[in-house]
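Before any comments, here is the structure.
Numbering (UniProt numbering), first residue to last: 1 to 566.
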């Protein structure tokens, strides 16, 4: 070609000098449609690596840090902002929404880490920048004065308004409401660790694709096992050390919020040098953005790509459909105490980790469809048994209610990690971040969509908190109806299972021989874009009192008293 190569995206000039020629059309076609298989069926040259070695242990550290911080930070919103500072419900919802929203934008993080070079590298500088941002925000929160709690004695929080004498009210810390505004930096910290997570995902794909087919999947299983282990550790910290009475807990002792942030900052800091010195990344020549987008668009039009995205999206909506009365059922019917719930959640995370370990050791060649069918069916049957026996007052025991989710963690863990195997098979060289981020964004978007549908469907039944407390024969039938709807839709997710390839070899066969469809590629991007807009709109609407009551935002309706329920 006689054209001059276009300018590549690079924020800082790389140390070595590179020459780069745009890909020829036929070469680009071979890279995306007919992937070359290397020794042992590997998808990428370079040979299998040991992620526990000095050159790659930094990748493992990324997921350890994400597990610790992501496992802790969102869990502090309710006890600190609501219980300790007594902030308005809408402010607490706002904090939760803003903390979770970055996960829906993983594809855009992926585009940045794929395309933007810093000193000639794509992944490591992005990780360092994102973890530095997160670390600064954590240190800032650890240095802030949380002030005194709104209620000097937590028993005042549960007293009726007429019982609160002027003398008692005078002891309240009215300035506590204003303290919460300073902790908006919590949301900036989330932007940091989500960005680092996406860059780590892209690096993980590069490493996983170097594994031979016989062992490909070990890397994903290992890093998610590490992340789950640190999520469990964070649950132990928040469950026992951040569980004082002022935070709505059961203990007389507790870490303060700034102290907890100081612990997180200590956990976060070592990841910054590990991201640079303990991850081996080859210098990259840069990309021509137009060619990169064209290649990504070609990949989205390929059959395995749009099939897997459709499977993740539609099955995700069905399988995440739930009920709105689960918490009151747990509290009023099963009489579950918060401390016992936290303890069993920790045990459940441990079982989840065990499931990941055994899947990585024995299940790399299991049929993905068969295992997901077994996992979903077993979880549904166990859950159905517990909820129905509790609803009709056959067995109302907190250990019976809490024990089944622990048992469900085993098939859930198997199903979770198997669903990640296909993502490595789809990515091409150079677009690892965008592909993994796109499929991850689809999965994350399906959850709030399912939540919105859940609230809208359940609003037509008498399953409010007051109804559950009443516990009449009519209410039990209403709960039964919503449970039957839930489990029917959960199992309906299996209808989309044929869209998921059975195994790694079938995925590669589809890439080579499955063809492509421009129309289905457009449809895929269309429902992704619309769903992303819907998710952002619903999340923003849930923040404001005037719109949070609307049915479209999952509210009860804004007529009458419903508009005041926030």
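Beta carbons are placed, not taken as given, at the ideal position from N, Cα and C, and that holds for glycine.
Where the alpha helix (DSSP H) containing residue 473 begins and where it ends: 473-492
Residue closest to residue 246, alpha-carbon to alpha-carbon, out of 374, 420, 254: 254
Quick one: Cα of residue 45 to Cα of residue 456, how far? 50 Å
Whole angstroms is fine: what's the gap from residue 442's alpha carbon to residue 312's? 7 Å
In three-state terms, what does DSSP make of residue 251? strand
Throw me the rounded Cβ distance for the residue 303 and residue 510 pair, which I believe falls under 8 Å. 5 Å
Taking a contact to mean a Cβ-Cβ separation below 7 Å, would you say residue 449 touches residue 317 in this structure? yes
Local Cβ density within 10 Å of residue 121, reported as buried at 16 or more and exposed below that: buried
In chain order, which alpha helix (DSSP H) runs of at least 4 residues are fully inside the stretch 369-408? none
Leaving out five residues on either side along the sequence, give the residues of the same chain with a beta carbon under 6 Å from the beta carbon of residue 248. 79, 83
Can you pull the DSSP bridge partners for residue 302? 516
C-alpha distance - residue 415 paired with residue 375, whole-angstrom precision: 6 Å
Got a sec, what are the start and stop residues for the alpha helix (DSSP H) residue 77 sits in? Note, residue 77: premise wrong, no alpha helix (DSSP H); not H, not E.
Check whether residue 417 and residue 377 have beta carbons under 7 Å apart: no
Should residue 238 go down as buried or exposed, given a rule of 16 or more other Cβ atoms within 10 Å for buried? buried
Residue 265 beta carbon less than 7 Å from that of residue 139: yes
Can you name, in chain order, every residue of its own chain whose Cβ lies under 8 Å from the Cβ of residue 164, other than the five neighbours on each side? 156
Answer with buried or exposed for residue 119, where buried requires no fewer than 16 other C-beta atoms within 10 angstroms of its C-beta. exposed
Exposure of residue 526, with buried meaning 16 or more beta-carbon neighbours within 10 Å: exposed
Could you tell me whether the stretch 62-77 touches the stretch 221-228, using the rule of 3 or more Cβ pairs below 8 Å? yes
Leaving out five residues on either side along the sequence, give the residues of the same chain with a beta carbon under 8 Å from the beta carbon of residue 568. No statement about residue 568 is possible, as the shown extent of the chain runs from 1 to 566 and does not include it.
Could you give the residue range of the alpha helix (DSSP H) that holds residue 131? 124-143
List the whole-angstrom C-beta distance separating residue 592 from residue 322, where the pair is believed to meet the contact cut-off of C-beta under 8 Å. Outside the shown range of the chain, which is 1 to 566, sits residue 592, and nothing can be said about it.
Rounded distance between the beta-carbons of residue 478 and residue 467, thought under 8 Å: 7 Å
Helix or strand or just coil, what does DSSP make of residue 548? helix
Give a yes or no on whether the C-beta atoms belonging to residue 432 and residue 507 are separated by under 7 Å. no
Per DSSP, what are the beta-bridge partners of residue 244 in this structure? 251
Report the start-end ranges of each alpha helix (DSSP H) in the stretch 149-179 that is 4 residues or longer and not cut off at the edges. 166-169, 176-179
Distance, Cα to Cα, residue 459 vs residue 549? 12 Å
Using the Cβ count rule (16 or more neighbours within 10 Å means buried), how would you classify residue 552? exposed
Under 7 Å, Cβ to Cβ, is there at least one residue of chain B near residue 533? The chain labelled as chain B is not found in the depicted structure, where only one protein chain is given.
Quick one: what's got a C-beta closer than 6 Å to residue 342's C-beta in the same chain, skipping five residues either side? 239
Span of the alpha helix (DSSP H) around residue 222: 218-236
What does the Cβ neighbour count give for residue 362, buried or exposed, with the cut at 16 atoms within 10 Å? exposed
If you measure between the beta carbons of residue 465 and residue 328, is that distance less than 7 Å? yes
State the Cα-Cα distance for the pair residue 547 and residue 314, rounded to the nearest angstrom. 27 Å
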